[in-house]
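Each position in the sequence shown, counted from 1, maps to that position plus 460 in my numbering.
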Amino acid sequence: MPPHSAAVAEVEKALLPRIESALAEGRLRLPTLPTVALKVRRVAADPNAGVDELAQAIASDVALTARLIAVANSAALSRGVPVQSLRQALVRLGLNHARDLVCAIAVEQSFNPRSLSLRTRLVDIWSHSKDVAAISAVLAAHFSRVSAESALLAGLLHEVGSLPLLAWLESEGEAMDLHPAEIEAVLDHLKGPVGARVLAAWAFPESLARVPLRAPRGGDSGEEPDLVDVVALACRCHELDCGRAIEGDSWRDFPPARRLGFQEPADYLGIGPQLRQRIRDTRQLLQ
């Protein structure tokens, strides 16, 4: 049975100050980039390097190569001509986006908690992130001027702050004693600021690094939607797809929805079979 809300509150009261202190004092270790991601970022930072050099840095990782080709062929990014090689995928994605996408994929592959409960939660996090990424790419491509490539990456990484938090819970021996609802309470409070720190430490652009922190409430004021708005609305849309919509819910007072031209949940539910299929195709290629 889920713990009573008072019990969850007690866990938050006990754990949150400890985690915040560990973060402030540098004892909550932020994840480091895997070797292949570091190599790719070094190559991408070289002004004399091009597509061939980047392909050479990636090609030794067969699984990563296959994933990049699949993403480049996703319905949201497709230009109509199938990509068949790593070089073609890098050209389609662009060197900077390919560099950042390598980081996201490599991080997913490298994080493997020992605790069964945390592994289960990690699978849920990546599944949710891929759903949000697929929706983000399609929303960006059809309802904004935000690039679909950037939106896909932002969706994949918007919950990256959960990774060091799960690692801390495991290293401190807390995971075995916590109910999933208690773990979720910790993540909800801290995954945003921790995620922003992770992406800043990895030298991602500021527009992407602020997504984990800002996505729950949307981007800056104004009429033009930004990357944060796209991911924020994609999260709401994913709730609809999962049947978690609130009856009578209106998006009129949710700025990201308004800026992207959505007034009601029904506006997303009625986007049409073609865009629905694009979301499904993109999600499948992220596997």
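For each residue, glycine too, the CB sits at the ideal point set by N, CA and C.
Rounding to the nearest angstrom, what Cα-Cα distance links glycine 678 and serine 631 in this structure?
33 Å
Helix or strand or just coil, what does DSSP make of serine 631?
helix
Quick check on serine 589: buried or exposed, where buried means 16 or more other Cβ atoms within 10 Å of its Cβ?
buried
Tell me whether lysine 473 is buried or exposed, calling it buried when 16 or more other Cβ atoms sit within 10 Å of its Cβ.
exposed
Please determine, among His698, Ala519, Trp662, Arg718, the residue with the shortest C-alpha to C-alpha distance to aspartate 686.
Arg718
Mind checking which residues open and close the alpha helix (DSSP H) that includes phenylalanine 603?
576 to 603
Kindly indicate which three-state DSSP category glutamate 644 falls into: helix, strand or coil?
In the three-state DSSP reduction, glutamate 644 falls in the helix class (H, G or I).
Under the rule that 16 or more other beta-carbon atoms within 10 Å means buried, what is asparagine 572, buried or exposed?
exposed
Could you check what DSSP says for valine 691 in three-state terms: helix, strand or coil?
helix
Could you check how far apart the C-beta atoms of valine 658 and leucine 475 are, in whole angstroms? I think they sit under 8 Å.
Wrong, their Cβ atoms sit about 19 Å apart, outside the cutoff.
Got a sec? Which residues, its chain only, sit under 7 Å from valine 606 by beta carbon, not counting five neighbours each side?
Ala600, Pro685, Asp686, Leu687, Val690
For leucine 546, tell me which candidate among Pro477, Val654, His602, Ala515 has the shortest Cα-Cα distance.
Ranked by Cα distance from leucine 546, the options Pro477, Val654, His602, Ala515 are led by Ala515.
Checking 9 Å against the spacing of the C-beta atoms, do arginine 670 and alanine 692 come in under that value?
no
Evaluate the contact criterion for the stretch 554 to 562 versus the stretch 574 to 585: three or more CB pairs, one atom per stretch, below 8 Å.
no
Beta carbon of alanine 523, beta carbon of leucine 746: below 9 Å?
No, Cβ-Cβ distance for alanine 523 and leucine 746 is not below 9 Å.
In three-state DSSP terms, what is cysteine 563?
helix
Assign glutamate 513 to one of three DSSP states: helix, strand, or coil.
helix
At which residues does the alpha helix (DSSP H) containing threonine 749 begin and terminate?
The requested residue 749 does not occur in the structure, where the chain is confined to residues 461 to 747.
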